[in-house]
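Peer 1: Next up is a structure, given as structure tokens.
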Amino acid sequence: MDKQAALQHFKKHHFTPLLDIQLDMLEAMFHRYQAQLIFDFKESFRDLCIHILSMQQQGQKDPIGYIHYSFLRTQMLEQTYLYMVEAYSAEWYEDDSDCKLTYDASWAYAPMSTMLETLEQERKIYMGTITSVDVERMMLESAPFFHQFVNSLLRLGMAEVVQMPEYLAIHKADRVAIRTGEYKDISENLYVEDQKSLLADQVREQLIHSSEEEPYVYENLKRLSLPHIHLMQKDLRYNDFSHSDLRESQFHSCILIGSIWQRANLAGSSFQGCLLTDTDFRYSDLRGANFSSASGQPHREHGVRVPGLCGLRFEHANLDGADFTDVHSFEHVCFEGATMQGTLVPRKYQQHWKLSEAQRQSIVWTE
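For the sequence shown, the working numbering gives the first residue as 167, with consecutive numbering after it.
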């Protein structure tokens, strides 16, 4: 067996099966200990904000425009799973005033150590054809599979950390972006904040005229008055509509992956046929909202599980009279504290959804 054939055989019969097992175990742990993981992240973020403010009070740091959580593949070979967390001014990488701490992500990457130990033994059956360097290379290439869990955890905690007094106290640029990704490589927004107020009419026009070629995504659309807006087949993923007035609005067959609607007024609105994977409706007013035929379909392909790890969040929302007829892939949903008087729910979710007895009694179960 030549080198290339041996690598393909090793990857197919040893590396990939072991990776799948570890990712399944990590996903179970991610959901089981989510509250503690979010708490730890919040404490880490609090420390960062205190450090930023201290530097600013000493005149060593300009208003913050970027906060970046970076993973470094080189450290992974040393089994050091610390993210570098850096705060930059609006000039981003041109800001040469170092402001950095670390975030311990070993909870997500610890399986890599287990895999390295196992694979190091299994490669030996290939009689020297596969080296330790080959195994290390495979492990480094798998880093994004573990990063996706950190990405999802940061998203889950972001709404809380940006309300902390320590974050509110730091001096910010006109636009702040909190991002994550590989160090000085591809990254994505977790949170965007504009200090300047957006004009509702301007945003309405941008939403209406967005297209597949120019989608309107990853934007901060908080505290806007946009009632009765009608949007069809728009890509609005990861937009933040929190605290906005969107009464009687229509979002028909839109892509709303990872969008946030916390404390929004969505009474009488429709999300019919929308893709709602990882969407956050916590504390929102959804009285009479129509979710018929909506989907929470998670992404599952060759170890990729994002979007889909965060689940749908309806904690403390008002869902009285809402319609969940024919929704699908809604297994991972949280309704803690939500009111559901007269909410229409397919009977198949009786066993899947974790509901209080009061919620079960107030729901109208449909076939």
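Don't be surprised by glycine CBs; every beta carbon is placed ideally from N, CA and C.
Here the structure is a predicted model, which means the values were calculated and not measured.
By alpha-carbon positions, which one of N386, F417, L392, Y382 ends up nearest to M398?
Peer 2: Cα-wise, what sits closest to M398 is F417.
Peer 1: Can you list, in chain order, the residues of its chain with a C-beta nearer than 7 Å to that of R513? Leave out the 5 residues immediately preceding and following it.
Peer 2: W531, T532, E533
Peer 1: Are the beta-carbon atoms of R448 and A488 separated by less than 8 Å?
Peer 2: no
Peer 1: Using the Cβ count rule (16 or more neighbours within 10 Å means buried), how would you classify P277?
Peer 2: buried
Peer 1: Rounded to the nearest angstrom, how far is the Cβ of M191 from that of T295, given a contact under 8 Å?
Peer 2: At roughly 29 Å, the Cβ-Cβ gap does not stay under 8 Å, so M191 and T295 are not in contact.
Peer 1: Taking I352 as the reference, give the member of Q517, H234, H197, K177 with the closest Cα.
Peer 2: H234
Peer 1: Is Q516 helix, strand or coil by DSSP?
Peer 2: coil
Peer 1: Does the beta-carbon distance from I395 to L422 come in below 8 Å?
Peer 2: no
Peer 1: Apart from the five residues on each side of it in sequence, which residues of its chain come closer than 8 Å, Cβ to Cβ, to T280?
Peer 2: Q188
Peer 1: Within a Cβ cutoff of 8 Å, which residues of the same chain sit near D401, ignoring the five residues on either side of it in sequence?
Peer 2: S376, E378, P381, Y382, V383, C420, I421
Peer 1: Which same chain residues end up closer than 7 Å to K362 when comparing Cβ atoms and leaving out the 5 residues on each side of it in sequence?
Peer 2: D340
Peer 1: Does the Cβ of T240 have 16 or more other Cβ atoms within 10 Å, making it buried, or fewer, making it exposed?
Peer 2: exposed
Peer 1: Could you give the distance in angstroms between the alpha-carbon of S391 and the alpha-carbon of I374?
Peer 2: 15 Å
Peer 1: Would you grab the beta carbon distance between R466 and Q314 for me? Rounded to a whole angstrom, and I think it's under 8 Å.
Peer 2: Going by Cβ atoms, the distance from R466 to Q314 rounds to 12 Å, so no, they are not a contact pair.
Peer 1: Do T445 and S425 come within 8 Å of each other at the CB atom, strictly closer than that value?
Peer 2: yes
Peer 1: Alpha carbon to alpha carbon, how far is L219 from Y269?
Peer 2: Cα atoms of L219 and Y269: separation of roughly 18 Å, rounded to the nearest angstrom.
Peer 1: Is the number of C-beta pairs between the segment 331 to 346 and the segment 245 to 264 that are closer than 8 Å three or more?
Peer 2: yes
Peer 1: So what does E359 bridge to, in DSSP terms?
Peer 2: For E359, the beta-bridge partners assigned by DSSP are V342.
Peer 1: Distance, Cα to Cα, T509 vs Q287?
Peer 2: In a straight line, the C-alpha of T509 is about 55 Å away from that of Q287.
Peer 1: Just mark A524 as buried or exposed, buried being the case when its beta carbon has 16 or more other beta carbons within 10 Å.
Peer 2: exposed
Peer 1: Spatial neighbours of I336 within its chain, please: C-beta separation below 7 Å, excluding the five flanking residues on both sides.
Peer 2: C215, I218, L219, Q222, I230
Peer 1: Using only the alpha-carbon positions, how far apart do H494 and W519 sit?
Peer 2: 13 Å
Peer 1: Compute the beta-carbon to beta-carbon distance between A325 and Q202, rounded to the nearest angstrom, for a pair I have assumed lies under 8 Å.
Peer 2: Actually they do not touch by this definition, with Cβ atoms about 18 Å apart.
Peer 1: Beta carbon of L485, beta carbon of A460: below 8 Å?
Peer 2: no
Peer 1: With H, G and I counted as helix, E and B as strand and the rest as coil, what does DSSP make of R471?
Peer 2: coil
Peer 1: Just the Cα atoms here: how many angstroms apart are A366 and C476?
Peer 2: If you take the alpha carbons of A366 and C476, they lie about 29 Å apart.
Peer 1: Using alpha carbons as the reference points, say which of L319, E244, Q226, L432 lies closest to Y199.
Peer 2: Nearest C-alpha to Y199: L319.
Peer 1: Decide if F205 is buried, meaning its Cβ has at least 16 other Cβ atoms within 10 Å, or exposed.
Peer 2: exposed
Peer 1: Apart from the five residues just before and just after L267, which ones in its own chain have a Cβ nearer than 8 Å to its Cβ?
Peer 2: S210, D213, L214, H217, V251
Peer 1: Inspect the beta-carbon positions of A271 and V316 and report whether they are closer than 8 Å.
Peer 2: Yes, the Cβ-Cβ distance between A271 and V316 is below 8 Å.
Peer 1: Keeping to the same chain, check which residues put their C-beta closer than 7 Å to that of S298; ignore five residues upstream and five downstream.
Peer 2: Contacts found: E286.
Peer 1: How about F496 and L521: do their beta carbons lie closer than 8 Å?
Peer 2: The Cβ atoms of F496 and L521 do not sit closer than 8 Å to each other.
Peer 1: Could you tell me the distance, in whole angstroms, from the CA atom of P473 to the CA atom of I291?
Peer 2: 37 Å
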